[in-house]
Amino acid sequence: MKLKTAVIVATAMSLCAPVAYAELVVPWLSYRTGPYSPSGIPAADGFADYFTLLNERDGGIGGVPVRVLDCETGYNTQKGVECYEATKGEGSLVYSPLSTGITYQLIPRATADGIPIHSMGYGRTAAADGTIFSHIFNFPAHYWDGASIAVKHILSLNDGDISGKKIGLVYHNSAYGKEPIRTLEEFSEKHGYELMLIPVDHPGQEQKSQWLEIRREKPDYLLMWGWGVMNAVAIQEAANIRFPMENFIGIWWSGSENDVLPVGERAHGYKALALHGVGNGFPVFDDLQKFVVDAGMAAGAGDQVGTVLYNRGMYGALLIAEAIKTAQEIHGVADITPAMMRDGMEALEITEEKMTALGLPNFGPAFAVSCENHGGNGIAMVQQWDAENGEWNIISDMIQSDKEIINRLIMEDSAAYAAENNIEPRC
Amino acid sequence: MFYREAGEFSTSYRDDAQTFPIAFDRRRYYLVLAVGFGVIPFFINDYWANAVLIPFLVWSMAALGLNILTGYCGQVSLGTGGFMAVGAYSCYKLMTAFPGLNIVFCILLAGLITALVGVLFGLPSLRIKGFYLAVATLAAQFFFVWLFNKVPWFYNYSASGQINAPERTLLGVAITGPNADSAVKYLFCLAFVVGFAWIARNLTRGSVGRSWMAIRDMDIAAEIIGIDPYRAKLSAFGVSSFFVGVSGALFFGIYLGAVEVTEAFGINQSFLVLFMIIIGGLGSIFGSFAGAAFMVLMPVLLKNILVGGLDWDTAIATHFEFVIVGGLIIFFLIVEPHGISQLWRIIKEKLRLWPFPHDH
């Protein structure tokens, strides 16, 4: 009977609306379980650890502690909706769904509820058009930037001429994987390459037929839009058919340690785009070690510090933290609301001095968000895996995407969205 | 004490044949309806609507549909996810092709289209049975997921292959889209589900339902006593697919608002609905609801208890959810192989005799 009462009380407590404290609530829709956990775990750890660092070292942001609300989605859209509905009432400032499917789901909901979404380098690309997508931000770069940067990298390897080449796209057969197709088709007209589409169905553990096709068709280059366990399987299959690894380029979501380590030596030379710097050689990691890891407060198993996706999560947390600071400055209030947060994100400006002061010199690009542009500058780098030393190396300068074509495509797509949903352009 | 027939007199065949012949049961049923329609809408919030009640109603609808086919007519189907996808995509095409068409008709027409498709895919059932039919319907599942991925016409050539429900209103109130009020969405789903559960109940106890059950129990015997197996099986496929199609349309239009076929209507969903009716009870209307509640609400409840109440780590809690739900499924199937509805029937039987269990 007692147990039963306890369960009922626990349920009632958990279902009731919680009490508001002076704190900054930042939800993170994580996935530490299922076929996408190899990608989800390091990102979740990095995100949580950076805010733990801010709390422990600086006492929060502007004196208000940050609470990271972790909600497990398993990369499943329905669970993502449940998480959103469960956490939005707790004063959640900004959502980081880390899933393009869930982002698509949340775009209309969050806009109606007035809560911003930061889909950093994922989600709906057209959300970069701030005139239509008032609450959605995907800075510092989005998928179409990624596609353009990958093509530019291939161009630079071929002295600017790739006409007649065949480029394959291995992609997760979902909204995520299909995002770049539109742009890659457009670029194929401009640069004269032939595009070959190779979809891989969820969860991506079975890719034999796809790689048989690749072996037969012999594309010169392969791009990959993969996630979770799909990445490692694809790189393994590429190694099995002896595809030249240096011609295999993943998006920034397909280039973490967990993707290449299972393949071992034969993953040597695999490339991926990089949204930010790699490794733990930046000054901020000394603080992370001191205040978070050594203090035993690291999220998860604490073994991911400095990996690519850990840095991704940390970078996401950093951008959100800076946006919170900006919002606090604009409105002169420390305990901000989601509406103020949105203003802060729209006025966010990241400079190299700022990044250096935060302990991350030369980590990511400098960019400024505006009412019209929610997508940043569209700058990324290329990284390459060194299997002997077990580390990623940045092998290019900052590459700027082909904004002329991309902006035109974004305008088309956002205009279609606006027409479908009767949205009046702002700004 | 409860559920007593003593003092209940039927003065007409109508009285005698009603769904709830016992007054206590009938009043309980009206009470549930009254609470559902008259009380919950006033207290509902976004979380309860979008994460608990609307998914429960939508899945109940799908379970009702599959229960007609599998539970009443005995035809095993693994194509539920595919048929839900047909419902969702036809609803989307209707909504975007005819913006003036009322959302109610969109959903009903989506059900009708799914019913036609279902009859088509039910044709093999005239020649093959059991596991072989399950494999044939499995083919439907994979075919539709492939089709809605492959042919851009179905998703209006959108760049990402997603379909999004535009805002549609009923009597000036938004039903779909982000601005729809959660109470309205809940009431809309509830009205559909109650209406269709009522139809299902009356179909299954009429001559059509009896012919389905005769086919289920022994098809050769049924044929000998004059039941046309073609009509019985195909009508079961048609009616079942209609329900499943409507649930798919509600799933897309009301519940999620945006779906992508691989994830929303994959093979997992087919199994989920099949598990619902097995756990809830094959050949039972109540069982469809009980099974949907068990499979959809139990994980949400456990998550709230483990993470919200006991403050566990989210990953451990998720793994434990699998363990607990799986354990409960095994427990239920051992204790009561005929599902929750049979458990309910036994409880009613016991309550009838309580507190004097030896009075007959």
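Line order of the protein sequences matches chains Y and V.
In terms of the working numbering, the first sequence opens at residue 1 and continues consecutively.
In terms of the working numbering, the second sequence opens at residue 1001 and continues consecutively.
Glycine included, C-beta positions come from ideal geometry on N, C-alpha and C.
Extent of the continuous alpha helix (DSSP H) to which residue i belongs
i: Phe248(Y); result: Note, Phe248(Y): premise wrong, no alpha helix (DSSP H); beta strand (DSSP E) at 248-250.
i: Arg1210(V); result: 1207-1217
i: Ser1240(V); result: 1229-1250
i: His153(Y); result: 143-157
i: Arg109(Y); result: 100-113
i: Leu53(Y); result: 37-53
i: Met1084(V); result: 1080-1097
i: Pro1055(V); result: 1054-1066
i: Glu213(Y); result: 208-217
i: Cys991(V); result: Given that chain V is displayed from residue 1001 to residue 1360, the structure contains no residue 991(V) and the question cannot be resolved.
i: Tyr1155(V); result: Segment: none, Tyr1155(V) is in no alpha helix (DSSP H) and carries neither H nor E.
i: Ser1012(V); result: Looking at the DSSP string, Ser1012(V) is not in any alpha helix (DSSP H), and its letter there is neither H nor E.
i: Asn258(Y); result: 257-260
i: Asn231(Y); result: 229-240
i: Val308(Y); result: 308-331
i: Val1300(V); result: 1298-1303
Secondary structure of residue i, DSSP reduced to three states
i: Met224(Y); result: strand
i: Ala387(Y); result: coil
i: His135(Y); result: coil
i: Phe1020(V); result: coil
i: Ala20(Y); result: Here the model assigns Ala20(Y) a pLDDT of 48, short of 50, so the residue's position is not dependable and the matter cannot be decided.
i: Trp1354(V); result: coil
i: Arg67(Y); result: strand
i: Tyr1047(V); result: helix
i: Ala1258(V); result: strand
i: Tyr1072(V); result: helix
i: Asn1268(V); result: helix
i: Asn1396(V); result: Coverage of chain V is limited to positions 1001 through 1360, which leaves residue 1396(V) absent and any answer about it impossible.
i: Trp1312(V); result: coil
i: Pro1124(V); result: helix
i: Ile410(Y); result: helix
i: Thr337(Y); result: coil
i: Glu1223(V); result: helix
i: His1338(V); result: coil
i: Gly123(Y); result: coil
i: Cys427(Y); result: coil
First and last residue of the uninterrupted beta strand (DSSP E) at residue i
i: Met297(Y); result: Note, Met297(Y): premise wrong, no beta strand (DSSP E); not H, not E.
i: Lys271(Y); result: 271-274
Residues that DSSP places opposite residue i in a beta bridge
i: Cys83(Y); result: According to DSSP, which records beta bridges pairwise, Cys83(Y) is partnered with nothing at all.
i: Ala1174(V); result: Thr1169(V)
i: Met196(Y); result: Gly168(Y)
i: Gln400(Y); result: Ile379(Y)
i: Ile350(Y); result: Phe367(Y)
i: Leu29(Y); result: Cys71(Y)
i: His202(Y); result: Answer is none; His202(Y) lacks a bridge partner.
i: Tyr95(Y); result: Ile117(Y)
i: Asp129(Y); result: Asn373(Y)
i: Ile61(Y); result: Val64(Y)
i: Ile394(Y); result: Gln383(Y)
Item to check | Against chain V: residues of the segment 145-157 of chain Y by CB proximity under 9 Å | outcome: none
Checklist entry - So does the segment 1239-1255 of chain V actually touch the segment 1287-1296 of chain V, counting three or more Cβ pairs closer than 8 Å? => result no
Next on the checklist: I want to know whether the segment 257-267 of chain Y touches the segment 29-47 of chain Y - three or more CB-CB distances under 8 Å.
Outcome noted: yes
Checklist entry - Residues in the segment 1274-1302 of chain V with C-beta within 8 Å of chain Y's C-beta atoms, listed in sequence order? => result Val1300, Leu1301
Item to check | Residues from the segment 92-120 of chain Y in contact with chain V, defined by Cβ distance under 7 Å | outcome: Gly101, Tyr104, Gln105, Pro108, Arg109, Thr111, Ala112
Checklist entry - Is the segment 1325-1335 of chain V in contact with the segment 1269-1280 of chain V, if contact means three or more CB pairs nearer than 8 Å? => result yes
Checklist entry - If we count Cβ pairs, one from each stretch, closer than 8 Å, do we get three or more for the segment 54-74 of chain Y versus the segment 223-243 of chain Y? => result no
Next on the checklist: Under 8 Å: do the segment 1156-1175 of chain V and the segment 1256-1270 of chain V share three or more Cβ pairs, one atom per stretch?
Outcome noted: yes
Checklist entry - Which residues, in chain order, does the segment 1038-1054 of chain V contribute to contact with chain Y at a C-beta distance below 9 Å? => result Asn1045, Asp1046, Tyr1047, Trp1048, Ala1049, Asn1050, Ala1051, Val1052
Next on the checklist: What are the residues in the segment 1134-1148 of chain V lying within 7 Å of chain Y by C-beta distance?
Outcome noted: none
Checklist entry - Taking Cβ-Cβ distances below 7 Å as the criterion, which residues of the segment 198-219 of chain Y are in contact with chain V? => result Asp201, His202
Next on the checklist: Output needed in chain order: residues of the segment 1170-1181 of chain V with a Cβ under 8 Å from some Cβ in chain Y.
Outcome noted: Gly1177, Pro1178, Asn1179
Checklist entry - Can you list, in chain order, the residues of the segment 1079-1104 of chain V whose Cβ is nearer than 9 Å to any Cβ on chain Y? => result Thr1096
Checklist entry - How do the segment 1130-1141 of chain V and the segment 388-396 of chain Y stand: do at least 3 beta-carbon pairs fall below 8 Å, yes or no? => result no
Checklist entry - How do the segment 272-283 of chain Y and the segment 138-152 of chain Y stand: do at least 3 beta-carbon pairs fall below 8 Å, yes or no? => result yes
Checklist entry - Listed in chain order, which residues of the segment 1248-1260 of chain V have Cβ atoms closer than 7 Å to some Cβ of chain Y? => result Leu1256, Gly1257, Ala1258, Glu1260
Item to check | Cβ-based contacts, 8 Å cut-off: residues of the segment 69-83 of chain Y near chain V | outcome: Asp70, Cys71, Glu72, Gly74, Asn76, Thr77, Gln78, Val81, Glu82
Checklist entry - Can at least three beta-carbon pairs, one atom from the segment 94-104 of chain Y and one from the segment 117-128 of chain Y, be found at a separation below 8 Å? => result yes
Checklist entry - Per the contact definition of three or more C-beta pairs closer than 8 Å, is the segment 246-260 of chain Y in contact with the segment 369-385 of chain Y? => result yes
Next on the checklist: At a CB distance below 7 Å, what residues from the segment 1148-1162 of chain V approach chain Y? Give them in sequence order.
Outcome noted: Asn1149, Ala1159, Ser1160, Gly1161, Gln1162
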